[in-house]
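Protein chains in written order, with this note's numbering: chain A, 117 to 233; chain B, -6 to 302. Structure first, commentary second.
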Amino acid sequence: MTKKTMLTIVRSMLAGMAFAALAVTASAQIANLGVTIDNFTFSPNQIMVKSGETVTWTNKDDIPHTVTSTDNVFRSKALDTDDKFSFTFTTPGTYKYFCSLHPRMTGTIVVEASSTK
Amino acid sequence: MTNQHDGPNRRKVLECMTWAGTGVLWTISGGVPHSLGLLGEARAAEAKGLTFLQISDSHMGFDKPANPNAKGTLEEAIGQIKTIPIKPAFMIHTGDITHLSKESEFDDAEQIIAQAKLDVHYVPGEHDIIDPDIKFYKDRYGRGTKGSGYYSFDANGVHFMGLVNVANLKGGGMGSLGAEQLEWIEDDLKGRSASQPIVVFAHIPLWTVYPQWGWGTDDSAQALAYLKRFGSVTVLNGHIHQVMQKVEGNVTFHTALSTAFPQPAPGTAPSAGPMKVPADKLRTMLGTANVTFKQGEQRVAIIDTPLQS
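Spelled out as structure tokens, the structure:
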């Protein structure tokens, strides 16, 4: 392998990595706004959103769950299989929540101030 | 034994009881458990003492793959109860009557369970108090109860306490009785003779079965401390949809089968969710429990009867 060929390979690898990094950022931003309830677990367990953004929880279990804020900021009805609950966070802060039926299930939403004023 | 609307015949039930007895028919005497072994002995005890039934986790409205017809299996369980040769004194239901606390689900449960023609003493499971004001459970079963629905009564010299450990649960915790109910328990037991047998029933186990799945009650130790001086304490729960038992001093803990769907043994699955088993196995994992006191001897025999042996 010549030095030039190796350089070409490294360049294309770097370009590929940069592209992958961009793709990850984009999908992470979308995925951030959804929490899946599966196997008695909130997933992802902790997410960061910007103030003004809406988070949607979807229950994929065969058992109902709730999304209940520890500080009574939000509280869903019981979500049956495939039911969804959405809440729009308007104030920055850390919001802990749990399932009021299975309180070992806990999660956190961290809301950051929106950068655009 | 397949799905029979007219219920299994008496011979079949006795066979089931015998089968169950090999695993779970037992007694305690002076705090030392020993196998009762013979069905004949259990039936002799029934004739003299108090026999009642425990039914649990009916989950009316559940229609997922683990059992698309939870209503049908509750009907089978009640059909089986109707064939018991010696009529039990009453029935207790240890919660999760419904799956989603819907009025129609409570209606179905009441209609089916009424066919047993027995008085039923209920405590709620977390699935029964989902509606915001807990209206449906309270309207039907809350009369004469305290707080979130706890109460006590006496039958044949045995003191029964129906407790609620599914209300006002805190994030990160397990089941909870709460300070107010604990105070009531202490008060309710005050002045009672230590020789009076006590039966405590609640939905979530009052001993820690598996904390990772929330199978326990955070403040149950306090309640058990109030029960310590009694010579015979029986604690009956549901919630975990499988038979589990433990003896600790004078206290015997026992969980009942569900009539709706089985759940995995602790830690054997990614979560405690409904367990799908082959269709021909389902009815061996659903059923009811029969509890017998032989009066004056402080002993209790619990027989778990599956829908199909």
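For glycine and all other residues, C-beta sits at the position ideal for the given N, C-alpha and C.
- Every unbroken stretch of the alpha helix (DSSP H) spanning 4 or more residues and falling wholly within the segment 48 to 92 of chain B is given here in chain order: 63 to 75.
- The beta-bridge partner set that DSSP reports for His181(A) consists of Leu195(A).
- Residue pairing for Glu228(A): DSSP places it in a beta bridge opposite Lys166(A).
- For the C-beta of Met167(B), the chain A residues within less than 9 angstroms are, from N- to C-terminus, Pro219, Arg220.
- For Glu119(B), the chain A residues whose C-beta falls within less than 7 angstroms of its own C-beta are Leu217, listed in chain order.
- Nearest in C-alpha terms to Leu279(B), of all of Ile48(B), Thr245(B), Gly171(B), Gly42(B), is Ile48(B).
- Rounded to the nearest angstrom, the gap between the Cα atoms of Ile90(B) and Asp211(B) is 23 angstroms.
- DSSP places Ile295(B) in the strand class (E or B) of the three-state scheme.
- Contact of Trp206(B) with chain A is assigned, a C-beta pair being separated by under 9 angstroms.
- Asp181(B) and Val193(B) have their alpha carbons spaced roughly 12 angstroms apart.
- Going by DSSP, Lys200(A) is part of the beta strand (DSSP E) stretching over 200 to 204.
- One alpha carbon belongs to Ala172(B), the other to Ile225(A), and they sit about 30 angstroms apart.
- With 16 or more other CB atoms across the displayed protein chains lying within 10 angstroms of its CB, Lys57(B) is buried.
- Taking 9 angstroms as the CB threshold, Leu162(B) lines the interface with chain A.
- Three or more Cβ pairs closer than 8 angstroms define a contact, and the segment 186 to 198 of chain A falls short of that threshold against the segment 132 to 150 of chain B.
- In this model, Asn161(A) and Leu46(B) are separated by some 42 angstroms (Cα to Cα).
- Not flagged as an interface residue toward chain A: Gly88(B), since no C-beta distance is shorter than 9 angstroms.
- About 4 angstroms separates the beta carbons of Leu162(B) and Pro219(A), which is inside the 8 angstroms limit, making them a contact pair.
- Non-local C-beta neighbours of Pro255(B) in its own chain, meaning closer than 8 angstroms and more than five positions away in sequence, comprise Ala59, His234, Gln235, Pro267, Met268, Val270, Leu275, Met278, Leu279, ordered along the chain.
- Around the beta carbon of Ser186(B), a 10 Å sphere encloses fewer than 16 other beta carbons of the protein chains shown; the residue is thus reported as exposed.
- The residue among Glu98(B), Asn62(B), Lys110(B), Asp100(B) with its C-alpha nearest the C-alpha of Ile77(B) is Lys110(B).
- Cβ contact annotation for Thr66(B) (same chain, cutoff 8 angstroms, sequence separation greater than five): Asn60, Thr252, Ala253, Leu275, Arg276, Leu279, Leu300, in chain order.
- Cβ-Cβ separation between Gln189(B) and Gly150(B): approximately 7 angstroms, consistent with a contact (criterion under 8 angstroms).
- With 16 or more other Cβ atoms inside 10 Å of its own Cβ, Thr87(B) counts as buried.
- For Tyr203(B), the pairing in a beta bridge is given by DSSP as Trp208(B).
- Taking the beta carbon of Asp177(A) as reference, the chain B residues within 8 angstroms of it are Ser264, Gly266, listed in sequence order.
- Ranked by Cα distance from Ala262(B), the options Leu156(B), Gln205(B), Lys131(B) are led by Gln205(B).
- For Tyr144(B), the uninterrupted beta strand (DSSP E) segment begins and ends at 144 to 148.
- Listed along chain B, the residues sitting closer than 7 angstroms to Thr186(A) by beta-carbon distance are Gly164.
- Residues of chain B whose Cβ lies closer than 8 angstroms to the Cβ of Asp198(A) do not exist, since the nearest Cβ in that chain is about 11 angstroms away.
- For Pro180(A), the chain B residues whose Cβ falls inside 8 angstroms of its Cβ are His92, Leu93, His120, Ile123, in order along the chain.
- Taking the C-beta atoms as reference points, Asp198(A) is found nearer than 9 angstroms to Lys176(A).
- Any Cβ of chain A closer than 9 angstroms to the Cβ of Pro58(B) would place that residue at the interface, and such an atom is present.
- Residue range 213 to 220 is occupied by the alpha helix (DSSP H) that includes Ser213(B).
- At a cut-off of 9 angstroms between beta carbons, Phe190(A) makes no contact with chain B.
- The shortest CA-to-CA distance from Val244(B) to any of Asn230(B), Ile85(B), Val226(B), His232(B) is the one to Val226(B).
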